[in-house]
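Asker: Numbering-wise (the working numbering), the sequence shown opens with residue 41 and increments by one.
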Amino acid sequence: MVNQEGVREFKHKVLAKILPFFLVGIIRFLVFFVRFEFRISPKTLEKISKNEPFVVVFWHGELLLQPFLFQKYVREKKVWVLISKHFDGEIISNVVRYFGIGVLRGSSSKGGIRALYHAIKKIENGEYIAITPDGPRGPYHSVADGVVLLTQKTNVPVVVSRIFFSNAWEFKSWDKFRIPKPFSKAVFIIKEPLTLESLELEVARAFVKEKMEEDVCVF
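#1: What does a CB cutoff of less than 6 Å around F211 pick up in its chain, not counting 5 residues either side in sequence?
#2: Which of the three DSSP states, helix, strand or coil, is assigned to R245?
#3: Go ahead and pull the three-state DSSP assignment for L59.
#4: Is the segment 179 to 193 touching the segment 61 to 74, taking contact as three or more C-beta pairs under 8 Å?
#5: Decide if K101 is buried, meaning its Cβ has at least 16 other Cβ atoms within 10 Å, or exposed.
#6: Contact between the segment 227 to 234 and the segment 191 to 203: three or more CB pairs below 8 Å?
#7: Taking S213 as part of the alpha helix (DSSP H), name the residues at either end of that continuous run.
#8: Determine the burial state of V121: buried for a count of at least 16 other Cβ atoms within 10 Å of its Cβ, exposed for fewer.
#9: For the candidate residues N91, L190, W99 and A159, whose alpha-carbon lies nearest to that of Y113?
#10: Shortest alpha-carbon distance to R75 belongs to which of F204, A244, V243 and E49?
#11: Let me check understanding here. Comparing Cα to Cα, which of Y180, P179, P173 and L144 lies closest to E167?
#12: Expressed to the nearest angstrom, what Euclidean distance is found between the alpha-carbon atoms of A265 and W214?
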């Protein structure tokens, strides 16, 4: 009798090795045919120029082209992304490593405390941490405790990164994952640093969510 669990694990291992190559190729293709515009807060630029660390947050459905933000503005500093230990997290990890971004594996359900510990150490070393607060499985546009606990423990601010497309495909997934269509425009909105240190947990989560979902005049 075939061990179904073993077969599934084998398929996942194979896909985790193969899929990232195709995804990187798709990303490179899209970048060649998509116009980029970066609108970044002067206060955030100032922090980058002074090599002051912070935590970057962006929605799970907008993570596809985020590596190009880091490549453009923080090349001289290491960026680490907190990614779940689920199967899709393994694929995402292999993709972001291609762009020189470090990976810390863990989520609220598995390995979260250890990942949070390592993230604190990275910030203390002057490096940047990136988090999808609604990942790895939602709910859609929710903010988990991790981003608040991390920033309050290290006394660093949160910087919201949003990306908007003039024309895109939207998946029927929980995160409404979006992929820009060729010849469309992608606009990055990088907001000013947010301080959470004096806020209660629930208030801080609501504050981050409010700032991430603020209406922005893009097109």
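Here a beta-carbon is modelled for each residue, glycine too, at the ideal position from N, C-alpha and C.
Just so you know, these numbers come straight off a predicted model, no measurement behind them.
Answerer: Result, derived from the coordinates:
#1: Taking the first residue of the sequence shown as position 1, residue 211 is located at position 171. So the list reads F217, once near-sequence residues are dropped.
#2: Within the sequence shown, the letter at position 205 stands for residue 245. DSSP places R245 in helix when its eight states are reduced to three.
#3: Here residue 59 refers to the residue found at position 19 when the sequence shown is read from its first residue. If DSSP states are grouped into helix, strand and coil, L59 belongs with the helices.
#4: The segment 179 to 193 makes no contact with the segment 61 to 74; the number of CB pairs closer than 8 Å stays below 3.
#5: Numbered from its first residue, the sequence shown carries residue 101 at position 61. It should be noted that the sequence gives Gly, not Lys, for residue 101. Counting Cβ neighbours within 10 Å, G101 comes out buried, since at least 16 surround it.
#6: In the pairwise beta carbon analysis, the segment 227 to 234 is classified as touching the segment 191 to 203: at least three pairs are separated by under 8 Å.
#7: Taking the sequence shown and counting its residues from 1, one reaches residue 213 at position 173. Here S213 belongs to no alpha helix (DSSP H), and DSSP marks it neither H nor E.
#8: For the purposes of this step, residue 121 is taken as residue 81 along the sequence shown, with counting starting at 1. Looking at its Cβ environment, which holds 16 or more other Cβ atoms inside 10 Å, V121 is buried.
#9: For the purposes of this step, residue 113 is taken as residue 73 along the sequence shown, with counting starting at 1. When N91, L190, W99 and A159 are compared, the shortest CA-CA separation from Y113 is found for N91.
#10: Mapped onto the sequence shown, residue 75 falls at position 35. When each option's Cα is compared against that of R75, the closest is F204.
#11: Along the sequence shown, one-based indexing puts residue 167 at 127. Comparing alpha carbon positions, the residue from Y180, P179, P173 and L144 closest to E167 is L144.
#12: In the structure displayed, the chain extends from 41 to 259; residue 265 sits before or after that span and is not available.
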